[in-house]
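Colleague: Residue numbers (the UniProt record's numbering), protein chains in the order written: chain A, 1 to 492; chain B, 1 to 492. No residue lacks a Cβ here, since even glycine has one placed at the ideal position from N, Cα and C. Quick one: the structure is below, questions incoming.
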């Protein structure tokens, strides 16, 4: 009996759902489950593929078949659009041998299945799966919950991005902010201008095809994750210069300098417009688009052409020229009826004059938050002090305890790529990303106890490892290997 | 034309097979391939599953279908046993639109397909796969080419081990040496003694089921990889003590001390025999077995029971008692007709008296190599100075330039688990493991040019990343993230 008791303690200890649902009651009863049979009469591919995926996930140690448990699925609208307005709420109820899942949309079902999957435990001794009977009512605190990845500073291949999307779904994130073009490399495909990636990428193996992009966007969609590309401009564009120097300001044509697009030239906007409307928007169906606008080397514009252009258009400063550029590319992008909002980094607000009806500001400088909100902008929150995942010394509690203004759309953790490539991105991002994700999903009052959160996060780390996600130990600096032998629950 | 030229340079630069085949000639001609059709009339599941696996691998950016290229496959004996004597040689020839693969055994076909897969390149611009026409005749330099993983110091879940097996196949390794039991944890299942893992594992989630073990062994077999388990004894066994203190020497029963099995008790050998013959050998069909015997805390035997036993049996030293123990468990293991050899760490030679007809010595102390060979033992070479992958300061050239005695069976790189768990094992092991693998496979004379090898290794690292293997940059210390933006070819 001693061993059975130990076993049960072990199992009970392991029960957590991350992020914590709005309401979650366990019935202190476990049932054996050998197989799930989904009773679903709808036609949503998203839902059907999710059943297969979660069955594989839950029964990863082989399927025993009996006992079979019926899962009844109800969805109000199974054709809801993937986007900022999607309803992700869901309800899970259970009786012995029956599970009931209901939601407003197919996206809610995905979140329900994720929660359900975390309630299963595998007992290696009797090779049996146990499900803790529970009741869940859940919905996200914020609608925008994202991760930024940066394939400009290191190329992130398709497998790496898909693995990241898989793991994002485990913590109910719903936006992959894909920072695609950078000073260092250009890997985006273009039918019209193939020279951009031919000359702008790190190597022949470090470019995306159109197929790759569509594949990733579809893969994310199946998991309820929007892909919002960022084409950073007018700065962070040096890699474009390898093939199209004609759209760059003449002040910074030296290959060793950081370049900036030239607002004084029609060619600049013509190229951008052609890329948007006849190439890239075809690949990225989301209604939102990110156009960067951060850290512009405005000194590039200190030359006779741009100074003359400024005088002609009554632009009295480089900031005015910057504002002119940003407002122009925003308008170009919004010529597409399907695009509703353009996201810009907060420099667009600080140094420019964006339109709050057209643009959303992503904040990385904490100190501008109030003025951006006061000016009537919708805001995506990702302060560098807490949510930059490349800041390895920021610990998980700093990320977890960040005060998020109630009025923002949500936020994003940012995995800037200076030292992240496919070899280490996952181990750098996790488990930090889980801390951010819970604060964005769970009701505030359920995320205030750090002791409970830490214990749950350690358990969740074990779940991540079991699913093949390289999550480093909780409580160490980012990207730090375990310091000695021990459990996945790792404690110093 | 400028862009096309750049493209071709990029492609040619990317061609390498790692490890370098014994004979490899490229015809300086590339053909487009949209699909492979395997002409194979045999019945080997190993071969058929490999076709599917490599088709997925090669056409990972979507299958275009045309042009279809025929692959003719010839195997002399497709039912060759997986083991130390298997023939892995193969020949690949190509004409435009036809590929010919032949081998002595099904295992040779696996190696051929791996080489073939590395000759394909994907052009993201025209979404086309190119194959460099080549001729290969290849066979391994050493028959035993392994990786040691340590699931005793950190639990390595099934997904992690399968990913490791996948990547081992990429460099034609053929032995997974699975160090399964340790002082720190016991995660092996047992039908007869379930308490061993119930009380010996880190947590309920950190145990293998019988299903898991069989699953891993079968997964490895499909890739031509033997799984040789190591049940380290009489030392490195403290985790057994949690449930079976009765088989431990009374000198070290304190839970804080490192324990050692007690050779003076029949119970010790009875438990081991029961585990071997009625539990574990069922799971591990390989003819070889590893029984550890390293770093024994012989002070545990300094007690009245063991001293009396030694006197009774004319054992004049703890080394003699150690030899008695080791020879006894070797004989117990060999009672199974299917077991042919027992592998022991070199302490068994230095401090004991093993039988060279029954045992194979695995060397980790470089300085005993000659005396072990002179004594007539078969040897597996894994000197800690060069091939311990947890030694992060050993760089890849140290691993690559190790002088391997011609008369050894082969060698193993050792990924000891003190600081390796599922979060970092892959990034620690790679790309170091590639260096070891090439030296074990390729003819010596093809592995002497470090400049060429480094350039090829950088290219191979890009292949690894593309396949989802977290290989850290070449040229940095082990487990080191890239230090700044750049290509997968990473160069300081």
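(1) Considering only their Cβ atoms, is the gap separating residue 352 (chain B) from residue 323 (chain B) smaller than 8 Å?
(2) Taking residue 129 (chain B) and residue 32 (chain B) to be in contact with their CB atoms under 8 Å, please state how far apart those CB atoms are, rounded to whole angstroms.
(3) Below 8 Å between beta carbons: does that hold for residue 225 (chain A) and residue 173 (chain A)?
(4) Whose C-beta lies closer than 7 Å to the C-beta of residue 279 (chain B) among residues of the same chain, with five residues either side of it excluded?
(5) If the criterion is Cβ atoms closer than 8 Å, does the pair residue 186 (chain A) and residue 486 (chain B) meet it?
(6) How many angstroms separate the CA atom of residue 475 (chain B) from the CA atom of residue 461 (chain B)?
(7) Could you spell out where the alpha helix (DSSP H) holding residue 319 (chain B) opens and where it closes?
(8) So, does the CB of residue 297 (chain A) fall closer than 8 Å to a CB anywhere in chain B?
(9) Using a Cβ-Cβ cut-off of 7 Å (strictly less than) and excluding sequence neighbours within five positions of residue 222 (chain A), which residues of its own chain qualify?
(10) Whose Cβ in chain B lies nearer than 7 Å to the Cβ of residue 186 (chain A)?
(11) Mapping DSSP to helix, strand and coil, what is residue 414 (chain B)?
(12) Give the range of the alpha helix (DSSP H) segment to which residue 396 (chain B) is assigned.
(13) Does the distance from the CB of residue 325 (chain A) to the CB of residue 234 (chain A) come in under 8 Å?
(14) Quick check: residue 329 (chain A) and residue 373 (chain A), are their CB atoms within less than 8 Å of each other?
(15) Which residue comes first and which comes last in the alpha helix (DSSP H) that contains residue 218 (chain B)?
(16) Quick check on residue 196 (chain A) - is its C-beta less than 8 Å from some C-beta in chain B?
(17) In terms of alpha-carbon separation, which member of A:18, A:297 and A:77 lies closest to residue 347 (chain A)?
(18) Do the CB positions of residue 472 (chain A) and residue 423 (chain B) come within less than 8 Å of each other?
(19) Which partner residues does residue 91 (chain A) have in the DSSP bridge list?
(20) Across which residues does DSSP place residue 148 (chain A) in a beta bridge pair?
(21) In its own chain, which residues sit with a C-beta less than 6 Å from the C-beta of residue 7 (chain A), not counting the 5 before and 5 after it?
(22) Is residue 64 (chain A) helix, strand or coil by DSSP?
(23) Say whether chain B places a C-beta atom closer than 8 Å to the C-beta of residue 393 (chain A).
(24) For residue 419 (chain A), would you say it is in contact with chain B, using Cβ-to-Cβ distances shorter than 8 Å as the test?
(25) By alpha-carbon positions, which one of B:44, B:53 and B:70 ends up nearest to residue 493 (chain B)?
(26) Give a yes or no on whether the minimum CB-CB distance between residue 489 (chain A) and chain B is below 8 Å.
(27) Please classify residue 170 (chain B): is it buried, with 16 or more other beta-carbons within 10 angstroms of its beta-carbon, or exposed?
(28) Compile a chain-ordered list of the residues in the stretch 242-264 of chain B whose CB is closer than 7 Å to at least one CB of chain A.
(29) Please tell me whether residue 209 (chain A) has its Cβ less than 8 Å away from any Cβ of chain B.
(30) Ignore the nearest five residues each way along the sequence and tell me which others in residue 465 (chain A)'s own chain have a CB closer than 8 Å to its CB.
(31) Within 10 Å of its beta-carbon, does residue 138 (chain B) have 16 or more other beta-carbons around it, so buried, or fewer, so exposed?
(32) Assuming residue 37 (chain B) is part of the beta strand (DSSP E), what are its boundary residues?
(33) Return the CA-CA distance between residue 277 (chain A) and residue 176 (chain A), expressed in angstroms with no decimal places.
(34) Indicate the three-state DSSP secondary structure (helix, strand or coil) for residue 424 (chain A) in the structure shown.
(35) Applying a beta-carbon distance threshold of less than 8 Å, which residues of chain A neighbour residue 189 (chain B)?
(36) With three or more C-beta pairs closer than 8 Å as the rule, is the stretch 156-171 of chain A touching the stretch 441-459 of chain B?
Modeller: In terms of the structure at hand:
(1) Along the second chain, one-based indexing puts residue 323 (chain B) at 323. Along the second chain, one-based indexing puts residue 352 (chain B) at 352. Yes, they are a contact pair.
(2) Position 129 of the second chain, counted from the first residue, corresponds to residue 129 (chain B). Position 32 of the second chain, counted from the first residue, corresponds to residue 32 (chain B). Confirmed, about 7 Å.
(3) Counting from 1 along the first chain, the entry for residue 225 (chain A) is found at position 225. Counting from 1 along the first chain, the entry for residue 173 (chain A) is found at position 173. Taking 8 Å as the Cβ cut-off, residue 225 (chain A) and residue 173 (chain A) qualify as a contacting pair.
(4) Taking the first residue of the second chain as 1, we reach residue 279 (chain B) at position 279. A distance below 7 Å between beta-carbons, with the five flanking residues on each side excluded, links residue 279 (chain B) to the following residues of its chain, in chain order: 190, 191 and 192.
(5) Walking along the first chain from the start, residue 186 (chain A) turns up at place 186. Walking along the second chain from the start, residue 486 (chain B) turns up at place 486. Result no, Cβ atoms of residue 186 (chain A) and residue 486 (chain B) do not sit closer than 8 Å.
(6) Against the second chain, residue 475 (chain B) aligns to sequence position 475. Against the second chain, residue 461 (chain B) aligns to sequence position 461. Each residue's alpha carbon lies about 11 Å from the other.
(7) By 1-based counting over the second chain, the position of residue 319 (chain B) is 319. For residue 319 (chain B), the enclosing alpha helix (DSSP H) starts and ends at 318-334.
(8) One-based indexing of the first chain puts residue 297 (chain A) at position 297. Judged by the 8 Å Cβ criterion, residue 297 (chain A) is not in contact with chain B.
(9) The count along the first chain starts at 1 and reaches residue 222 (chain A) at position 222. Excluding residues within five positions, the ones whose Cβ falls inside 7 Å are 46 and 49.
(10) Sequence index remark: in the first chain, residue 186 (chain A) carries index 186 (1-based). Residue 186 (chain A) does not reach chain B, its nearest Cβ partner there being about 12 Å away, counting only Cβ pairs nearer than 7 Å.
(11) The residue you call residue 414 (chain B) lines up with position 414 of the second chain. Note: residue 414 (chain B) maps to strand in three-state DSSP.
(12) Taking the second chain and counting its residues from 1, one reaches residue 396 (chain B) at position 396. Unbroken alpha helix (DSSP H) run through residue 396 (chain B): 396-400.
(13) Counting from one through the first chain, the residue named residue 325 (chain A) turns up at place 325. Counting from one through the first chain, the residue named residue 234 (chain A) turns up at place 234. Taking C-beta atoms as the reference points, residue 325 (chain A) and residue 234 (chain A) count as a pair closer than 8 Å.
(14) As a working mapping, residue 329 (chain A) is identified with position 329 in the first chain. As a working mapping, residue 373 (chain A) is identified with position 373 in the first chain. Contact: no.
(15) Translated into positions along the second chain, residue 218 (chain B) becomes position 218. It spans 210-222 - the alpha helix (DSSP H) in which residue 218 (chain B) sits, taken as one unbroken run.
(16) Here residue 196 (chain A) corresponds to residue number 196 of the first chain, with the count starting at 1. At a cut-off of 8 Å, the C-beta of residue 196 (chain A) has no neighbouring C-beta in chain B.
(17) The residue labelled residue 347 (chain A) in the question sits at position 347 within the first chain. Proximity to residue 347 (chain A) across A:18, A:297 and A:77 peaks at A:297, based on C-alpha coordinates.
(18) Taking the first chain and counting its residues from 1, one reaches residue 472 (chain A) at position 472. Taking the second chain and counting its residues from 1, one reaches residue 423 (chain B) at position 423. Yes, the pair counts as a contact, with Cβ atoms nearer than the cut-off.
(19) Stepping through the first chain from its first residue, residue 91 (chain A) is reached at position 91. DSSP lists A:102 and A:137 as partners of residue 91 (chain A).
(20) Sequence index remark: in the first chain, residue 148 (chain A) carries index 148 (1-based). Beta-bridge annotation (DSSP): residue 148 (chain A) is paired with A:177 and A:414.
(21) As a working note, residue 7 (chain A) is residue 7 in the first chain. Its pLDDT being 35, under 50, residue 7 (chain A) is placed unreliably in this model, and the coordinates cannot settle the point.
(22) One-based indexing of the first chain puts residue 64 (chain A) at position 64. When secondary structure is reduced to three states using DSSP, residue 64 (chain A) falls in the coil class, being assigned neither helix nor strand.
(23) As a working mapping, residue 393 (chain A) is identified with position 393 in the first chain. No, its Cβ sits nowhere closer than 8 Å to a Cβ of chain B.
(24) Reading the first chain from its first residue, position 419 is the one you call residue 419 (chain A). Yes, its Cβ sits closer than 8 Å to a Cβ of chain B.
(25) Outside the shown range of chain B (1 to 492) lies residue 493 (chain B), about which nothing can therefore be said.
(26) Counting from 1 along the first chain, the entry for residue 489 (chain A) is found at position 489. Judged by the 8 Å Cβ criterion, residue 489 (chain A) is in contact with chain B.
(27) Taking the second chain and counting its residues from 1, the one referred to as residue 170 (chain B) is at position 170. Around the beta-carbon of residue 170 (chain B), 16 or more other beta-carbon atoms lie within 10 Å, marking it buried.
(28) Answer in chain order: no residues at all.
(29) Residue 209 (chain A) sits at position 209 when you count from the first residue of the first chain. Residue contact with chain B for residue 209 (chain A): present (Cβ-Cβ distance below 8 Å to some residue of chain B).
(30) As a first step, residue 465 (chain A) must be located in the first chain, where it is residue number 465. 471 and 488, listed in sequence order.
(31) For this step, residue 138 (chain B) is matched to residue 138 along the second chain. By the neighbour-count rule (16 or more Cβ atoms within 10 Å), residue 138 (chain B) is buried.
(32) On the second chain, position 37 is the one that residue 37 (chain B) refers to. In the DSSP assignment, residue 37 (chain B) falls within the unbroken beta strand (DSSP E) covering 35-39.
(33) Numbered from 1 along the first chain, position 277 holds the residue referred to as residue 277 (chain A). Numbered from 1 along the first chain, position 176 holds the residue referred to as residue 176 (chain A). Taking the straight line from one Cα to the other gives about 22 Å.
(34) Your numbering for residue 424 (chain A) matches position 424 in the first chain. DSSP, read as helix, strand or coil, puts residue 424 (chain A) in coil.
(35) Taking the first residue of the second chain as position 1, residue 189 (chain B) is located at position 189. Listed along chain A, the residues sitting closer than 8 Å to residue 189 (chain B) by beta-carbon distance are 124 and 125.
(36) Here the stretch 441-459 of chain B makes no contact with the stretch 156-171 of chain A; the two share fewer than three CB pairs at distances below 8 Å.
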